[in-house]
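Worksheet: the structure to be examined is printed underneath.
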Amino acid sequence: MRAWLAGLGRQVFDGIAEFGYAVLLLLQALAWTVTGPARGQPVRLSAVVQQAVEMGIGAVPIVLILSFAIGTMVAIQGIYSLSLFGAESKVTLGVALSITREFSPLITGILVAGRSGSALAARLGTMRINEEIAALTVMGIHPVRSLVAPPLLALLLLLPALTWLSMMVALLGAGLYISAVLGFSFHAFLDELRAVTALGDILHGVGKSALFALLIVLVGVVNGLQVSGGAVGIGRATTRSVVHAISAIVVADMIFAFLATRA
Amino acid sequence: MSEPPIVVEALHADYGGTPVLRGVDLSVAAGEILVIMGGSGSGKSTLLRHLLGLLQPRSGRVRLLGQDLARARERDWRRLRPRLGVAFQSGALLSSLSVGENVLLPLREHTRLPEPTLKILMRLKLAMVNLVGCEDLMPAELSGGMIKRAALARALALDPELLFLDEPSAGLDPVVAAALDELILELRAVLGMSVVVVTHELESAFKIADRLCVLDRGEVIALGPTAEVRNSPSERVQALLTRRRESPEETPCDVLDELMGRARQRRVN
């Protein structure tokens with residue numbers, strides 16, 4: 002019993018320490034971004050672009066496919082559930098709000114967490130095991146500046162962009178299905194869409210995705226930089242970072258939705 | 007007379023509450039090769055990490071080129087880093103960059119030279135370690151000895167005054183290891199920097215060292231010119247140098263405890 006309590010206490014303590022570490026890394030990365038150029042050690046634009054291509058552009062095909070499928074799925078379920086009380090005509094409203102506010106940011110976030118959060122943890126973990134991070138430090142290249150800031154900046158720009166893309170494609174899928182099943186033109190769907198969707202709904206979704214970007218990168222980086230125990234440790238950190246990032250995204254989503262709908 | 011470039015005073019360090027270094031004192035003169043020896047767990051890698059400022063000591067001081075590491079601010083580090091060269095045990099070449107890019111990394115970071123000049127410097131450093139024409143290879147394509155030499159070239163990129171080498175010949179076959187030892191001696195003769203080598207390879211240590219520092223369980227048990235340490239009357243030193251296994255006094259009961267899995271509890275109490 003005592004050992005169990007001690008174990009629990011240690012886990013809570015480790016959890017808090019890890020959270021503190023993540024916040025510290027975030028602040029350092031932002032500080033380097035802002036003050037780096039003045040200190041003669043800028044965050045390299047080429048590194049940011051490379052990360053953006055790897056994490057963002059590379060994810061475009063899969064985001065397109067999944068978003069189209071999700072949009073169509075939401076439309077199918079929407080028509081089915083609304084038809085129970087004869088309100089099929091309201092389906093556009095339901096689809097528009099749920100896709101822009103929830104489905105697109107969530108599915109894009111989870112997808113990128115699985116694709117890039119894990120890759121980030123694996124890359125930094127490997128670098129740590131190979132002493133590459135120590136080598137950067139002794140060469141006077143701060144690891145936060147060269148390894149944390151670039152993916153953070155890249156994903157802060159790219160994940161909202163991907164989310165916006167996902168919204169458009171999901172709405173396309175939904176519109177094609179709705180107009181075919183309910184027998185009106187796609188043009189009419191677009192008109193209705195414009196009438197029911199406010200800019201606020203899109204901003205809600207896009208804003209949330211910036212928060213998700215932060216979570217994905219920080220979770221990946223924290224897990225990667227803390228790797229110990231060789232190849233097994235890297236595998237563990239990779240898995241852990243995906244599970245943690247997705248959990249963080251879902252919980253943050255709930256909190257964000259709660260706060261944003263009360264304001 | 008001015009202060010030696012590397013001075014360590016009463017350095018104590020912990021790892022997770024266990025003392026790893028217990029009061030290490032040493033200094034390295036300009037142009038000297040000091041070899042730090044010891045078995046695994048002797049604290050030699052920890053000592054190196056303290057010399058590089060990668061770890062914070064619990065107490066004691068490390069001064070490099072007159073700069074107290076504990077008091078170094080970011081600006082001081084920025085001045086100090088280019089004057090230190092480090093080659094890690096695994097080479098620690100960035101695996102995403104080619105050999106040439108790896109050597110260029112410190113040059114790009116600390117100088118404002120035009121690109122063609124940088125490239126020439128890079129090829130010059132690679133030539134120093136006999137890796138001419140290997141600049142476009144990726145680290146994964148190199149053999150063990152080539153990785154060590156490429157790491158050495160990167161460490162030499164900025165013509166450092168202090169060179170730190172972690173196990174330069176470990177894991178290499180004897181011929182390649184001997185060649186690397188020759189290379190270290192040649193480079194020192196040409197460039198005249200102070201060199202700190204951490205190793206557990208006796209043969210290599212005796213060959214390159216001006217002075218030897220023998221670490222055991224976090225303490226310096228011998229420090230002096232190579233011949234002197236080699237002929238040291240101390241039993242602990244000889245045990246390490248002749249690779250005798252030091253066996254603590256064990257009674258049959260201890261062995262029995264160990265085999266029954268009770269040993270750990272006994273040690274804690």
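Protein chains in written order, with our numbering: chain G, 2 to 264; chain E, 7 to 275. Glycine included, each C-beta is placed from N, C-alpha and C at the ideal position. If you're wondering where the values come from, they're calculated on a predicted model, not measured in any experiment.
Just mark residue i as buried or exposed, buried being the case when its beta carbon has 16 or more other beta carbons within 10 Å.
| i | result |
| --- | --- |
| residue 95 of chain E | buried |
| residue 187 of chain G | exposed |
| residue 167 of chain E | buried |
| residue 272 of chain E | Confidence at residue 272 of chain E is low in this model, with a pLDDT of 47, below 50, so the placement of that residue is unreliable and no value is reported for it. |
| residue 136 of chain E | exposed |
| residue 100 of chain E | buried |
| residue 275 of chain E | Caution applies to residue 275 of chain E, whose pLDDT of 41 falls short of 50 and renders its modelled position unreliable; the model cannot decide the point. |
| residue 165 of chain E | exposed |
| residue 187 of chain E | buried |
| residue 234 of chain E | exposed |
| residue 237 of chain E | exposed |
| residue 48 of chain E | buried |
| residue 173 of chain E | buried |
| residue 49 of chain G | buried |
| residue 6 of chain G | exposed |
| residue 248 of chain E | exposed |
| residue 61 of chain E | buried |
Please report how far the alpha carbon of residue i lies from the alpha carbon of residue j, in whole angstroms.
| i | j | result |
| --- | --- | --- |
| residue 67 of chain G | residue 126 of chain G | 30 Å |
| residue 218 of chain E | residue 232 of chain E | 5 Å |
| residue 206 of chain E | residue 177 of chain E | 11 Å |
| residue 2 of chain G | residue 23 of chain G | 31 Å |
| residue 126 of chain E | residue 206 of chain G | 51 Å |
| residue 1 of chain G | residue 171 of chain G | Residue 1 of chain G falls outside the range modelled here, since chain G spans only 2 to 264, and no answer is possible. |
| residue 209 of chain E | residue 45 of chain G | 44 Å |
| residue 83 of chain G | residue 204 of chain G | 26 Å |
| residue 147 of chain E | residue 103 of chain E | 12 Å |
| residue 121 of chain G | residue 21 of chain G | 20 Å |
| residue 20 of chain E | residue 114 of chain G | 37 Å |
| residue 96 of chain G | residue 167 of chain G | 14 Å |
| residue 128 of chain E | residue 146 of chain G | 24 Å |
| residue 89 of chain E | residue 112 of chain G | 45 Å |
| residue 260 of chain E | residue 138 of chain E | 58 Å |
| residue 199 of chain E | residue 267 of chain E | 51 Å |
| residue 163 of chain E | residue 111 of chain E | 9 Å |
| residue 195 of chain G | residue 107 of chain G | 22 Å |
| residue 93 of chain G | residue 71 of chain G | 15 Å |
| residue 276 of chain E | residue 66 of chain E | Any answer about residue 276 of chain E is impossible in this case: the structure gives chain E only from 7 up to 275. |
| residue 87 of chain E | residue 192 of chain E | 24 Å |
| residue 10 of chain G | residue 22 of chain E | 18 Å |
| residue 161 of chain E | residue 39 of chain G | 27 Å |
| residue 77 of chain E | residue 12 of chain E | 15 Å |
| residue 264 of chain E | residue 63 of chain E | 34 Å |
| residue 244 of chain E | residue 212 of chain E | 14 Å |
| residue 180 of chain E | residue 158 of chain G | 52 Å |
| residue 179 of chain G | residue 98 of chain G | 15 Å |
Have a look at the options and flag the residue whose alpha-carbon is nearest the alpha-carbon of residue i.
| i | options | result |
| --- | --- | --- |
| residue 139 of chain G | E:22, E:63, E:91, E:268 | E:91 |
| residue 19 of chain G | G:222, G:40, G:123 | G:222 |
| residue 160 of chain G | G:195, G:255, G:189, G:55 | G:55 |
| residue 200 of chain G | G:131, G:43, G:165, G:252 | G:165 |
| residue 132 of chain G | E:97, E:235, E:80, E:214 | E:97 |
| residue 130 of chain G | G:250, G:48, G:233, G:28 | G:233 |
| residue 279 of chain E | E:114, E:157, E:236, E:82 | Residue 279 of chain E is absent from the structure shown; chain E starts at 7 and stops at 275. |
| residue 235 of chain G | G:58, G:174, G:128, G:31 | G:128 |
| residue 115 of chain E | G:36, G:256, G:143 | G:143 |
| residue 171 of chain E | E:93, E:230, E:256 | E:93 |
| residue 108 of chain E | E:85, E:122, E:143 | E:143 |
| residue 51 of chain G | G:148, G:247, G:184 | G:148 |
| residue 136 of chain G | E:239, E:59, E:257 | E:59 |
| residue 43 of chain G | G:12, G:63, G:110, G:154 | G:154 |
| residue 252 of chain G | G:110, G:123, G:180, G:119 | G:110 |
### the segment 59 to 76 of chain E in contact with the segment 199 to 216 of chain E per 3-pair CB rule at 8 Å
no
#### Entry: Ranges of the alpha helix (DSSP H) found wholly within the segment 125 to 197 of chain E, counting only runs of at least 4
150 to 161, 180 to 197
### Message
Would you call the segment 239 to 249 of chain G in contact with the segment 42 to 52 of chain E, where contact means no fewer than 3 C-beta pairs closer than 8 Å?
### Response
no
### Query
Taking only runs of the beta strand (DSSP E) that begin and end inside the segment 194 to 249 of chain E, which ones reach a length of at least 3 residues, in chain order?
200 to 205, 217 to 222, 225 to 231
### Query
Touching or not, the segment 222 to 236 of chain G and the segment 257 to 264 of chain G, by the rule of three or more beta carbon pairs under 8 Å?
no
### Query
When the Cβ atoms of the segment 210 to 220 of chain G are set against those of the segment 74 to 89 of chain G, are three or more pairs found closer than 8 Å?
no
### Task
Counting only runs of 3+ residues fully inside the segment 151 to 182 of chain G, write out the beta strand (DSSP E) ranges in chain order.
none
### the segment 65 to 81 of chain G / the segment 140 to 157 of chain E touching (three or more Cβ pairs under 8 Å)
no
### Task
Run through the segment 27 to 88 of chain G for me and flag every whole alpha helix (DSSP H) of 4 or more residues, listed as ranges in chain order.
46 to 56, 61 to 84
#### Entry: alpha helix (DSSP H) segments (min. 4 residues) lying fully within the segment 27 to 93 of chain E
50 to 57, 80 to 86
### Query
Residue ranges of each alpha helix (DSSP H) run of no fewer than 4 residues wholly in the segment 89 to 118 of chain G, ordered along the chain?
92 to 99, 105 to 113
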